[in-house]
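Asker: Just dropping this structure here.
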Amino acid sequence: MSLSATTAPPSPSAPPPTPPRRRSRAITLNRLDLKLSPYLYIAPFFVIFGIFGFYPMLRTAWMSLHDWDLIGDHSFIGFDNYTRLFTDEYFWNATINTFGIFILSTIPQLLLALFLATMLNRTFLRARTLFRMAIFMPNVVSVAAVAIVFGMLFQRDFGLINWVLSLVGVDAVDWDAQKWSSWTAIASMVNWRWTGYNTLILLAGMQAIPKDLYEAAAIDGANQWKQFWRITLPMLTPTFVFVVTLSTIGGLQLFTEPLVFGNGNIIGGDQREFQTLAMYMYELGIENLSSAGYGAAVAWAMFVMIALVSLVNFLLVRRSVK
Amino acid sequence: MSVTTRRNRFAVAALAAVTAIGGLAACGKDDEAKESGGKPSKLVVDTFGEFGYDEIIKQYEKDTGIKVELRKTAQLNEYRPKVVRALATGKGAADVTALEEGILNEFKTNPANWADLAPLIADHSKEYLPWKWELGKAADGRLIGLPTDVGSLAVCYRKDLFAAAKLPTERDQVAALWPDWNAFIETGKKYRAATNKGLIDSVTTAASAVMVQQGGDLFYDKEDNVVADKSAAVKTAWETSVAMADAKISSKSATWSPEWSAGFKQGTFAATFCPSWMLGIVADNSGPENKGKWDVAPVPGGAGNWGGSWLAVPAQSKFPKEAAKLAEYLTNAKSQVEAFKLKGPLPTNLEALKNPDFTSYTNEYFSGAPTGKIFGGSVEKIQPLHLGPKHQAIKENAFEPALRSYENGQSPKDKAWEQFLKDAKTQGAF
């Protein structure tokens, strides 16, 4: 699937070398070079991925089949950890929280990014580079800093947001005491941080669309709105798939924002109002040393969910445009 | 020491950042070349917060010729993952590792990770607070921790806010306000009536205080079965703090939350429960401008202990004998007094507790309160506790959330209690 942001140049597949008459050393080397060197070039990624990505995944899978104490013994229990997941109320609570925050953050964020990218793509805009830089700034700020600042904004007693609300006569909201309010607060952190990033990627995609398409459409009498629907959006599909997939992966792995929002309490609110899947995994797998195997099972369940949701997104976005 | 800065939000941020980059913070290397004869050239000591060992270690180096590297980690919740990593991978643990109450109880379930200190050093069992010494032993009888400090218990209160509410401000008069918990709740009601504010920060800190005063079995029985539903101490703590919630005497500021940290300066509450390690946190949160406004009074309902630590030697240490000797040195009477003078951890060594340097100590920030006398005086009356392996998890992830849910009106009393019992079972499993 084409997940690249911009249209990739056609890959230079090796042209068949002229058939050699004499099998000289040089030719053999040449052939080896053609056959092997591409793999060598991509090897660094795969070696590093293998060590830091693939091996931990396999190891986690192995752990998830055990009753595993992080600093003690472990024993094989087959798929017990996975069957336990199905009846674990807190696992499903975390799943709902994760998807709730994911929807609250991804949808407004992508719409806003699309809007901003369209604005920034206008030719008449002055100081475009400045705006493009500015819009990316939030992404450079560390997550922890964002979470701390937003945590202060959403404070109950002395928070800015409650103060503004009090001006219009709304009572102070205890932001971390309900699902809707905590989800909103956390989603706003994610939106603030990632909208600019998505805007830039969408913008890059928009700029890769040939200008003559728009000219032709304009001559045929299509207005701006129509051009957007009929040209920009369809041509943006590959970029959109990429952005949606990345948002899905990021959104379903949400961890730092809710953790810091809840003052570092891993259960995310007194009644687990905003405990995400990643937090639940951390609670079981790392905080609670003796249930590391079960935590590993949560990690794999998360992986499967992310894969499924990404696939659904991919199919949806691709079909809707065709 | 102890639960000190568990869950301080900045620490959390740092922790989260570290997790985010894949926990690359590698363990330190201590592959010091082994020397002939088994005498180490260097020993490593891991502590969190402030143990006050800087000067003591210099003296040790001079006496023995063994170099000591002191690795300090500021926050307990950054420290625990480091120790866990070292134990899980069998590499990188310090020769002497400080273990806080909650961590020690948890790690005791896998005693093989720790060296048995009993055969390595002289018998000191009679020199320390007996219950504190006993807690350093694993279920199989191995001695894995030497006592460093205890938390004990007191009340920190703001004199200016008390005066504004027409309550007495002198230590002795304040102590007379609350001979027991009922009287404390009555004082809270008076304070609410006068100021419309909460007297204390949260009912959960009160619950912690009440629980440790009861002594005996808390969430676990002696065989480490979860007995949250039967435990008298837990029931008393629950009932007392529910009564406090009903009387509306707290400002509902959960410990370590931004409301809580800001509350010290803003005066949203006028008192909190102070184990000795909490004094530094109160002072930091209140800032220099509030120096002299705080004071320390005895806690209602008698002595209790909240927090404190031990020194242990990981089984992976290459020099267990020398490491045990160093731990012995760091916890002896002389060192404990030195450490107290430098950073304030309360001694556990009986001789140190009688040392005039300790008993005559006064805390300038807290209006010159005789903290040595207040804390030291109650230390020997502390009720022995049995905490069990997941005490901390049950307390923080089951008991306190349920209590807060009730106080915040999110669930009725019965439902909150049921929720606590249910969560205690899962959190307490090991």
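The listed protein sequences correspond, in order, to chains A and B.
Those letters in the first sequence? Residues 1 to 322, by the working numbering.
Those letters in the second sequence? Residues 1001 to 1430, by the working numbering.
Positions of the beta carbon are idealized from the N, C-alpha and C atoms, including for glycine.
Along chain A, which residues have their Cβ under 7 Å away from the Cβ of S1405/B?
Answerer: Taking the first residue of the second sequence as 1, we reach residue 1405/B at position 405. Those within 7 Å of S1405/B in chain A are D270 and Q271.
Asker: Tell me the residue span of the alpha helix (DSSP H) that contains G1198/B.
Answerer: Position 198 of the second sequence, counted from the first residue, corresponds to residue 1198/B. In the DSSP assignment, G1198/B falls outside any alpha helix (DSSP H) and within the unbroken beta strand (DSSP E) covering G1198 to I1200.
Asker: For the alpha helix (DSSP H) holding Y39/A, just list the boundary residues, first then last.
Answerer: The sequence position of residue 39/A within the first sequence is 39, counting from 1. From DSSP, the alpha helix (DSSP H) with Y39/A extends over R25 to F49.
Asker: Would the beta-carbon of A1154/B fall within 7 Å of that of V1299/B?
Answerer: Here residue 1154/B is taken as the residue at index 154 of the second sequence, counted from 1. Here residue 1299/B is taken as the residue at index 299 of the second sequence, counted from 1. For A1154/B and V1299/B, yes; Cβs fall inside 7 Å.
Asker: State yes or no: is the beta carbon of N1408/B nearer than 7 Å to at least one beta carbon in chain A?
Answerer: Numbered from 1 along the second sequence, position 408 holds the residue referred to as residue 1408/B. With 7 Å as the cut-off, N1408/B counts as an interface residue toward chain A.
Asker: With DSSP as the reference, label V312/A as helix, strand or coil.
Answerer: Here residue 312/A refers to the residue found at position 312 of the first sequence. Here V312/A sits in helix by DSSP.
Asker: Using beta carbons (cut-off 7 Å, strictly below), is F303/A in contact with chain B?
Answerer: Along the first sequence, one-based indexing puts residue 303/A at 303. Judged by the 7 Å Cβ criterion, F303/A is not in contact with chain B.
Asker: With L70/A and A292/A assumed to form a contact (beta carbons below 8 Å), what rounded beta-carbon distance in angstroms separates them?
Answerer: In the first sequence, residue 70/A corresponds to position 70, counting from 1. In the first sequence, residue 292/A corresponds to position 292, counting from 1. So it is a contact: roughly 4 Å between Cβ atoms.
Asker: Could you give the distance in angstroms between the alpha-carbon of M1001/B and the alpha-carbon of A1315/B?
Answerer: The sequence position of residue 1001/B within the second sequence is 1, counting from 1. The sequence position of residue 1315/B within the second sequence is 315, counting from 1. Its pLDDT being 43, under 50, M1001/B is placed unreliably by the model, and nothing is read from it.
Asker: Ignoring anything shorter than 3 residues or poking outside the region 1105 to 1151 of chain B, list the beta strand (DSSP E) runs there in chain order.
Answerer: 1146 to 1150
Asker: Considering only the alpha carbon of each residue, which of V1210/B, W1277/B and G1049/B lies closest to G1302/B?
Answerer: Sequence index remark: in the second sequence, residue 1302/B carries index 302 (1-based). The candidate whose alpha carbon is nearest that of G1302/B is V1210/B.
Asker: Would you check if the region 74 to 84 of chain A and the region 284 to 302 of chain A touch, i.e. whether three or more CB-CB distances between them fall below 8 Å?
Answerer: yes
Asker: Under the three-state reduction of DSSP, which class applies to P1179/B: helix, strand or coil?
Answerer: Reading the second sequence from its first residue, position 179 is the one you call residue 1179/B. Of the three classes helix, strand and coil, the one that applies to P1179/B here is coil, per DSSP.
Asker: Is there a C-beta anywhere in chain A that falls below 7 Å from the one on A1290/B?
Answerer: In the second sequence, residue 1290/B corresponds to position 290, counting from 1. Note on residue identity: the sequence assigns Asn, not Ala, to residue 1290/B. Output row for N1290/B: interface = no.
Asker: Can you tell me which of the three DSSP states R272/A falls into?
Answerer: Walking along the first sequence from the start, residue 272/A turns up at place 272. Correct three-state label for R272/A: coil.
Asker: Inspect the beta-carbon positions of T1240/B and W1181/B and report whether they are closer than 7 Å.
Answerer: As a position in the second sequence, residue 1240/B is number 240, starting the count at 1. As a position in the second sequence, residue 1181/B is number 181, starting the count at 1. The answer is yes: Cβ separation under 7 Å.
Asker: Under three-state DSSP, which class holds G1022/B?
Answerer: Within the second sequence, numbered from 1, the residue matching residue 1022/B stands at position 22. Note that G1022/B scores 39 on pLDDT, short of 50, meaning its location in the model is unreliable; the coordinates nonetheless yield the value given after this. Reduced to three states, the DSSP call for G1022/B is coil.
Asker: Going by DSSP in three states, A1270/B sits in which element: helix, strand or coil?
Answerer: Here residue 1270/B is taken as the residue at index 270 of the second sequence, counted from 1. DSSP places A1270/B in strand when its eight states are reduced to three.
Asker: Give me the Cβ distance between A1339/B and F1051/B, rounded to the nearest whole Å; I'm assuming they're in contact under 8 Å.
Answerer: Along the second sequence, one-based indexing puts residue 1339/B at 339. Along the second sequence, one-based indexing puts residue 1051/B at 51. That belief holds up - the Cβ atoms of A1339/B and F1051/B are roughly 6 Å apart, short of 8 Å.
Asker: Can you list, in chain order, the residues of its chain with a C-beta nearer than 6 Å to that of D1423/B? Leave out the 5 residues immediately preceding and following it.
Answerer: Walking along the second sequence from the start, residue 1423/B turns up at place 423. Taken in chain order, the residues that qualify are A1398.
Asker: With C-beta atoms as the reference, is G159/A less than 7 Å away from L167/A?
Answerer: In the first sequence, the residue the question calls residue 159/A occupies position 159. In the first sequence, the residue the question calls residue 167/A occupies position 167. Pairing G159/A with L167/A gives a Cβ-Cβ distance that is not under 7 Å.
Asker: If we cut at 7 Å on Cβ distances, does A1088/B have a partner in chain A?
Answerer: Here residue 1088/B is taken as the residue at index 88 of the second sequence, counted from 1. With 7 Å as the cut-off, A1088/B counts as an interface residue toward chain A.
Asker: With which residues is V1096/B paired in a DSSP beta bridge?
Answerer: Taking the second sequence and counting its residues from 1, one reaches residue 1096/B at position 96. Partner(s): V1045/B.
Asker: Please list, in chain order, the chain A residues whose beta carbon lies closer than 8 Å to that of P1314/B.
Answerer: Taking the first residue of the second sequence as 1, we reach residue 1314/B at position 314. By Cβ distance, chain A contributes nothing, its closest Cβ being about 11 Å from P1314/B, past 8 Å.
Asker: Under 9 Å, CB to CB, which of the residues in the region 1248 to 1267 of chain B have a partner in chain A?
Answerer: S1251, K1252, S1253, A1254, T1255, W1256, S1257, P1258, E1259, W1260, A1262, G1263 and Q1266
Asker: Going by alpha carbons, who is nearest to A1122/B out of N1105/B, K1108/B, L1146/B and E1078/B?
Answerer: Residue numbering aside, residue 1122/B sits at position 122 when the second sequence is read from its first letter. Looking at the Cα atoms, L1146/B is the closest of the given residues.
Asker: By how many angstroms is the C-alpha of M119/A removed from the C-alpha of L202/A?
Answerer: The residue labelled residue 202/A in the question sits at position 202 within the first sequence. The residue labelled residue 119/A in the question sits at position 119 within the first sequence. Straight across, the Cα-Cα distance linking L202/A with M119/A is about 11 Å.
Asker: For my contact list, A1393/B and N288/A are in at a C-beta cut-off of 8 Å; report their separation, rounded to the angstrom.
Answerer: As a working note, residue 1393/B is residue 393 in the second sequence. As a working note, residue 288/A is residue 288 in the first sequence. About 6 Å; that satisfies the 8 Å criterion.
Asker: Give me the chain B residues within the contact set of M152/A, using Cβ-Cβ distance strictly less than 7 Å, ordered along the chain.
Answerer: For the purposes of this step, residue 152/A is identified with residue 152 of the first sequence, where counting begins at 1. Neighbours of M152/A on chain B, chain order: P1258.
Asker: Where do the N-terminal and C-terminal ends of the beta strand (DSSP E) with V1068/B fall, by residue?
Answerer: Against the second sequence, residue 1068/B aligns to sequence position 68. Element bounds for V1068/B: K1067 to T1073.
Asker: Can you grab the Cα-Cα spacing for the pair D157/A / D174/A, in whole Å?
Answerer: Locating residue 157/A in the first sequence gives position 157, counting from the first residue. Locating residue 174/A in the first sequence gives position 174, counting from the first residue. C-alpha separation (whole angstroms): 8 Å.
Asker: Use the C-beta contact count for E1289/B: other C-beta atoms within 10 angstroms, 16 or more gives buried, fewer gives exposed.
Answerer: What you label residue 1289/B is simply residue 289 of the second sequence in a count that begins at 1. By the neighbour-count rule (16 or more Cβ atoms within 10 Å), E1289/B is not buried but exposed.
Asker: DSSP three-state label for F1366/B, please.
Answerer: Start at 1 with the first residue of the second sequence, and residue 1366/B comes out as number 366. Looking at F1366/B - three-state DSSP - the assignment turns out to be coil, as it is neither helix nor strand.
Asker: So S1309/B is in the beta strand (DSSP E); what residue range does that whole segment cover?
Answerer: Your numbering for residue 1309/B matches position 309 in the second sequence. Counting along the chain, the beta strand (DSSP E) containing S1309/B begins and ends at G1308 to A1312.
Asker: Just tell me which of F1264/B, T1255/B, A1271/B and Q1266/B has its CA closest to the CA of N265/A.
Answerer: Position 265 of the first sequence, counted from the start, is the residue given in the question as residue 265/A. It is T1255/B.
Asker: Mind checking S1286/B: buried by the 16 CB within 10 Å criterion, or exposed?
Answerer: Numbered from 1 along the second sequence, position 286 holds the residue referred to as residue 1286/B. Note on S1286/B: 16 or more other CB atoms within 10 angstroms of its CB, so buried under the neighbour-count rule.
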